[in-house]
Structures are given as C-alpha cells and as structure tokens.
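The structure appears below as structure tokens.
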Amino acid sequence: MWAGRTPIRPCSGTPWSRCCSGWPATARAAEDAVAPLRRSAVQALQALLQLAQEPQQWLSVTSVAAAQGLPAPMLEQLLLDLRRAGLVEARRGRQGGYRLARPAAAIRVAEVLEAVGAPLALLEPEQPSPRAEQLVLRSLSKRLQQALDRELQGLSLQELVFDLRSWQESLSNDGGVMLG
C-alpha cells in the first residue's frame, strides 16, 4: 500500500489544524481548499484526521472543536452521525470522548461522506434531450461519477493521514519533503 512512499515524522506534537504556518488554521480555509465537498464532509474528515493521529486516545468534543475551529455542538452532531455509521466510538465520563472505531486503513472516505449525508455527486447535463451531444455529455458524466465513486471507495483515512503528515512536514520550518 505504501510502496514508493517514505514515511515522515509529523510536526512536533501540535494539533494538525494549527501545525505549520501554511496549513489551514480554520475550518473555513480548509473548506475553500475542497470546494466540491459539502461543509459537513470537510468538517467530519478534519475531525477524523485528528482522531486518526491519536488512535488510542479518547479526545473530547471540545478539544477537537477547539483544534479545528468548529462550534462544539455542530461537531457533536457530526460525531454522532459517524458513531451511528460505526466509524467512531464514544465513551462517557471525565476520561471519555471519541476515537476511531476501526483502524484508519479500514475507513474509506466514501463511508465518511455517506455517514454525514454528503455524497459527492457530479452535475449531469441540465436538459436531457435526444441530441447526440447531450447523450455524449450524459454518458461522460456517468463515467466520471463511476470513476469518482471508485476513487472514494478505494481511498482510506490512513492515506489521508499520510498526506497530512507529508504536508505538515513540507510546510514546517525544516522544509522537509515527501519522497516517492
């Protein structure tokens, strides 16, 4: 799975949303970077990336919300949706919080989007007509949607964590780069 990629160390223990001056520090900046995704999907992925970096730790909603620059009640609702989908588990109490229910490698991006009701769908041509051009465009749209669905089904949270760490390192003061 990681053939050709060299793992790198993450930034020095800072929350990922605030790591490195060039990384988006707020949820809004991150949303702008992935405009086709709905806000709920971006926020859910941000939270899961944070949980994935500390898979054995129970993280509170308030700590994740603060690190991501999100309102805690909104994040709580997203985490409940993710829990219902079996992507995170919750524990009550002082030492409670949320953590991944499965290894990050076993969580697919498509599952996350589905869990928060934000599947990624391409727009089809507006007016279906028997004109050849419209039929070709409709066929193209279907083929693109199938390719997108395959990619989202194949893309794991672990791969996003790897990419996150690579970006953190490349944006750090040390100026590291991802090899491979």
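The opening residue of the sequence shown carries number 9 in the working numbering; numbering runs sequentially from there. Just so it is clear, CB atoms sit at the ideal spot from N, CA and C, and this is done for glycine as well.
Quick test of the definition: if touching needs 3 or more C-beta pairs under 8 angstroms, does the region 114-128 touch the region 156-163?
yes
Rounded to whole angstroms, what's the CA-CA distance from S149 to A113? Just pull it up for me.
To locate residue 149, count along the sequence shown from 1; it is residue 141. To locate residue 113, count along the sequence shown from 1; it is residue 105. Between S149 and A113, the alpha-carbon positions lie close to 29 angstroms from each other.
Can you list, in chain order, the residues of its chain with a C-beta nearer than 7 angstroms to that of R46? Leave out the 5 residues immediately preceding and following it.
Within the sequence shown, numbered from 1, the residue matching residue 46 stands at position 38. Once the five neighbours on either side are set aside, the close Cβ partners of R46 are A126.
Classify E141 as buried or exposed, calling it buried when 16 or more other Cβ atoms lie within 10 Å of its own Cβ.
As a first step, residue 141 must be located in the sequence shown, where it is residue number 133. Label assigned to E141: exposed.
In the DSSP assignment, the alpha helix (DSSP H) including E97 goes from what residue to what residue?
As a first step, residue 97 is located in the sequence shown; it is residue number 89 there, counting from the start. That residue, E97, is in no alpha helix (DSSP H); its beta strand (DSSP E) goes V96 to R99.
Between V69 and L83, is the Cβ-Cβ spacing less than 8 angstroms?
As a working mapping, residue 69 is identified with position 61 in the sequence shown. As a working mapping, residue 83 is identified with position 75 in the sequence shown. Cβ distance < 8 angstroms, so V69 and L83 count as in contact.
How many angstroms separate the CA atom of Q61 from the CA atom of S71?
Counting from 1 along the sequence shown, the entry for residue 61 is found at position 53. Counting from 1 along the sequence shown, the entry for residue 71 is found at position 63. Approximately 14 angstroms between the Cα atoms of the pair.
I'd like to check one pair, L179 with L57: are the Cβ atoms closer than 8 angstroms?
Residue numbering aside, residue 57 sits at position 49 when the sequence shown is read from its first letter. Residue numbering aside, residue 179 sits at position 171 when the sequence shown is read from its first letter. Result no, Cβ atoms of L57 and L179 do not sit closer than 8 angstroms.
Going by C-alpha to C-alpha distance, which of D157, L168 and W66 sits closest to G104?
Locating residue 104 in the sequence shown gives position 96, where the first residue counts as 1. G104 has its Cα closest to that of W66, out of D157, L168 and W66.
Any idea what DSSP makes of R107, helix, strand or coil?
Position 99 of the sequence shown, counted from the first residue, corresponds to residue 107. Looking at R107 - three-state DSSP - the assignment turns out to be strand.
With 16 as the cutoff for other CB atoms within 10 Å, does L152 come out buried or exposed?
As a first step, residue 152 must be located in the sequence shown, where it is residue number 144. So L152 counts as exposed.
Does L67 come out as helix, strand or coil in the three-state DSSP assignment?
Position 59 of the sequence shown, counting from 1, holds the residue named residue 67. L67 falls in the strand class under three-state DSSP.
For A75, tell me which candidate among L128, L88, V144 and L59 has the shortest Cα-Cα distance.
Indexing the sequence shown from 1 puts residue 75 at position 67. When the alpha-carbon of A75 is set against those of L128, L88, V144 and L59, the nearest one is in L59.
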